[in-house]
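Below: one structure, written as structure tokens.
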Amino acid sequence: MITLRGVGHVYSDETPWAHRALTGVDLDIGERERLLVVGKNGSGKSTLAWVLAGLIAPSEGTATIDGSPLADARGTVAISFQHARLQLFRPTVGEDVRFGLPLSRDAADVALRTVGLDPEVFRDRRIDELSGGEQRRVALAGMVVRMPRLVVFDEPFAGLDGPSKRLLINVIATLPSATIVVSHDYEDAGRFADRVLELHDGALVRDAGTL
Ligand SMILES: Nc1ncnc2c1ncn2[C@@H]1O[C@H](COP(=O)(O)OP(=O)(O)O)[C@@H](O)[C@H]1O
Ligand SMILES: [Mg+2]
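For the sequence shown, position 133 matches number 164 in the working numbering, and the numbering has no gaps at all.
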């Protein structure tokens, strides 16, 4: 499904501030695969996440989905940021999930159930009354209704307490799309990942079934 070949990325290329963030990444991601990406701060995890989400066209190599550049395929890959509030646009949960789509209330309710939120309880709640973990799941429901082929999570557990984190892991583990979680906090990785990648200085140094 997704193929990266020789992907490298240099920020501010051809300026005095040029900074290499990725080098020679070869990667294949199949339908419904569940990947975890680990690595130290600055190892290139977020840059890889942005390339996969089509938000950055890499400066070297090719990044494609079914042969088309990921950068031209926005919407087929969704990305979930740590600051979910920035991805929520409407005052209430139900309105936010349907935002920009000709969707019935029922379809939005299905998406809310997929992320573990009871529609009867949450549909009319105001976004600003929700906890951080609930906001993250509402943002995710807004992605799920668009049926992305891959959902990319960049540090999804940052700032969540234990119970909210476990809830989110369970939700990620049952999403119908392929998923890739970028996290330096991977103690519970075994619960959702069937493949673990490790980045070091922008290069893939490990691609294995487990840590
Ligand atoms: N917009 C940017 N401009 C210049 N350098 C950047 C930019 N974003 C990230 N970098 C640098 O690229 C490297 C990889 O960053 P990043 O992908 O954010 O790593 P990680 O998510 O693993 O911490 C780091 O050295 C970082 O400082
Ligand atoms: Mg990062």
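From the three backbone atoms N, C-alpha and C, an ideal C-beta is built for every residue, glycine too.
Would you grab the beta carbon distance between residue i and residue j for me? Rounded to a whole angstrom, and I think it's under 8 Å.
i: Asp192; j: Gln113; result: The pair is not a contact, with the Cβ atoms about 15 Å apart (cut-off 8 Å).
i: Thr93; j: Ile87; result: The Cβ separation is near 13 Å, so there is no contact.
i: Arg168; j: Gly147; result: 6 Å
i: Pro179; j: Val108; result: 6 Å
i: Val182; j: Ala139; result: The Cβ separation is near 18 Å, so there is no contact.
i: Val38; j: Val56; result: 4 Å
i: Thr46; j: Ala234; result: 23 Å between Cβ atoms; not a contact.
For residue i, is the beta carbon positioned less than 7 Å from some heavy atom of ligand 1?
i: Gly173; result: no
i: Asp54; result: Contrary to the premise, residue 54 reads as Thr rather than Asp in this sequence. Result no, Cβ not under 7 Å from ligand 1.
i: Thr78; result: yes
i: Gly39; result: no
i: Asn72; result: yes
i: Ser111; result: no
i: Ser90; result: no
i: Ser214; result: no
Need the endpoints of the alpha helix (DSSP H) that residue i sits in, please.
i: Asp127; result: 124-129
i: Glu165; result: 163-175
i: Thr78; result: 76-83
Report the option in the options whose CA atom is closest to the CA atom of residue i.
i: Trp81; options: Glu64, Leu35, Thr205; result: Leu35
i: Glu62; options: Gly240, Ile211, Ala115, Gln166; result: Ile211
i: Asp238; options: Ile110, Ile60, Asn201, Val152; result: Ile60
i: Arg222; options: Pro207, His215, Val236, Val202; result: Val202
i: Ser99; options: Met32, Ala115, Pro133; result: Met32
Does any heavy atom of ligand 2 sit closer than 7 Å to the C-beta of residue i?
i: Glu186; result: yes
Grab the span of the beta strand (DSSP E) containing residue i for me, first residue to last.
i: Asp185; result: 181-185
* contact_flag[the segment 133-147, the segment 164-184] where n(CB pairs < 8 Å) is 3 or more -> Touching, yes, given that three or more Cβ pairs across the two stretches are closer than 8 Å.
* Spell out a yes or no on whether the segment 62-76 and the segment 227-236 are touching, meaning 3 or more CB-CB pairs, one atom from each, closer than 8 Å. => Contact between the segment 62-76 and the segment 227-236 is established, with three or more Cβ pairs separated by less than 8 Å.
* Indicate whether the contact test is met: 3 or more Cβ pairs, each with one atom in the segment 98-107 and one in the segment 158-168, closer than 8 Å. => No: fewer than three Cβ pairs fall under 8 Å.
* Asked: Can we say the segment 150-157 touches the segment 112-128, given the rule of at least three CB pairs closer than 8 Å?
  -> Verdict: yes, contact present.
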